[in-house]
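Engineer:
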Amino acid sequence: DAKTTQPNSMESNEEEPVHLPCNHSTISGTDYIHWYRQLPSQGPEYVIHGLTSNVNNRMASLAIAEDRKSSTLILHRATLRDAAVYYCILIGNQFYFGTGTSLTVIP
Amino acid sequence: GAGVSQSPSNKVTEKGKDVELRCDPISGHTALYWYRQSLGQGLEFLIYFQGNSAPDKSGLPSDRFSAERTGGSVSTLTIQRTQQEDSAVYLCASSFQRERDTQYFGPGTRLTVL
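Quick mapping for you: the protein sequence lines, in order, are chains V and A.
Taken in order, the first sequence gives residues 914 to 1020; the numbers are from the working numbering.
Taken in order, the second sequence gives residues 239 to 352; the numbers are from the working numbering.
1. Please list, in chain order, the chain V residues whose beta carbon lies closer than 7 Å to that of SER296 (chain A).
2. Listed from N- to C-terminal order along the chain, which residues in the stretch 309-338 of chain A have their beta-carbon within a distance smaller than 7 Å of any beta-carbon of chain V?
3. Along the stretch 274-286 of chain A, where does the CB come closer than 9 Å to a CB of chain V? Name the residues.
4. State the DSSP-derived secondary structure class of GLN322 (chain A), mapped to helix, strand or coil.
5. Have a look at PHE1010 (chain V) and ILE1004 (chain V) and give me their C-alpha separation to the nearest angstrom.
6. Between the C-alpha atoms of MET972 (chain V) and SER265 (chain A), what's the straight-line distance to the nearest angstrom?
7. What do you get for ALA305 (chain A), buried or exposed, if any count of 16 or more other CB atoms within 10 angstroms of its CB means buried?
8. Helix, strand or coil for ASP301 (chain A) per DSSP?
9. So that I know if they touch, is there some Cβ in chain A lying closer than 7 Å to that of THR918 (chain V)?
10. For chain V, is any of its Cβ atoms less than 7 Å away from the one on PRO345 (chain A)?
11. Just list the residues that DSSP pairs ASN248 (chain A) with in beta bridges.
12. So if DSSP puts MET1051 (chain V) in a beta bridge, which residue, or which two residues, is it bridged to?
13. Contact defined as beta carbons within less than 8 Å: I believe HIS937 (chain V) pairs with THR917 (chain V). What is the distance between those atoms, to the nearest angstrom?
Quick look at the structure:
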């Protein structure tokens, strides 16, 4: 059974906000929620992570549901360089990977 | 550079041969991870090392796969008797600590088994 689920693909217009969802209904209390993205032909790069509270950094924001069974990565203003596959990952006693969401940014 | 490095960048081998893939993590990082990414697929966790603790091998797909980490630094992933389904990009990452720290990924080794 999948531990994290993400939509296969999403589209966004350039300079508009993007909300990328991830469901992780079986998350344990010690699992951290990490988001990474992978540009074509490159290794994954870190975006953001959190445990319980919402997090902000220069790249994005992470909104974590109160019950922690879901989270949302928020890109405040999508640019063409944000087109990538975004992975939601639970890291704790085990590693649970989402299938990734391929984000297309439309100029 | 101070990033994670992997070698070789590309490896082509014949079915049945053994291969070794190398990862040099960022200096000072105690956690090291190996992942596999098949063409068009997501990341698949293989194995995790943390300091001197026993590695977490729960992601290794078969007993043909093994990995070592010598001196808490360099790691080698070995695939014995390679099969065509082993063809993939093998990614290595390192971090200070498992749960709460950023993982820094290397560029990967593209393995092709003919």
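All residues carry an ideal CB built from backbone N, CA and C; glycine is no exception.
Being a predicted model, the structure only gives us computed values, none of them experimental.
Structural biologist: In terms of the structure at hand:
1. Walking along the second sequence from the start, residue 296 (chain A) turns up at place 58. The contacting residues are GLN1007.
2. From the stretch 309-338 of chain A, only LEU329, ARG336, GLU337 and ARG338 have a Cβ closer than 7 Å to chain V.
3. So the close ones are GLN275, GLN279, GLY280, LEU281, GLU282, PHE283 and TYR286.
4. For the purposes of this step, residue 322 (chain A) is taken as the residue at position 84 of the second sequence. GLN322 (chain A): helix per DSSP, three-state reduction.
5. Numbered from 1 along the first sequence, position 97 holds the residue referred to as residue 1010 (chain V). Numbered from 1 along the first sequence, position 91 holds the residue referred to as residue 1004 (chain V). If I take the Cα positions, the gap works out to 9 Å.
6. Working through the first sequence from its first residue, we reach residue 972 (chain V) at position 59. Working through the second sequence from its first residue, we reach residue 265 (chain A) at position 27. Straight-line Cα distance between these residues: approximately 25 Å.
7. Start at 1 with the first residue of the second sequence, and residue 305 (chain A) comes out as number 67. Around the beta carbon of ALA305 (chain A), 16 or more other beta carbons sit within 10 angstroms, so the residue counts as buried.
8. Locating residue 301 (chain A) in the second sequence gives position 63, where the first residue counts as 1. Here ASP301 (chain A) sits in coil by DSSP.
9. Residue mapping note: residue 918 (chain V) aligns to position 5 of the first sequence, counting from 1. No, no contact with chain A.
10. By 1-based counting over the second sequence, the position of residue 345 (chain A) is 107. Cβ-Cβ to chain V under 7 Å: yes for PRO345 (chain A).
11. Position 10 of the second sequence, counted from the first residue, corresponds to residue 248 (chain A). Paired residues: A:ARG348.
12. No statement about residue 1051 (chain V) is possible, as the shown extent of chain V runs from 914 to 1020 and does not include it.
13. Residue mapping note: residue 937 (chain V) aligns to position 24 of the first sequence, counting from 1. Residue mapping note: residue 917 (chain V) aligns to position 4 of the first sequence, counting from 1. Indeed, because the Cβ distance is near 5 Å, the residues count as touching under 8 Å.
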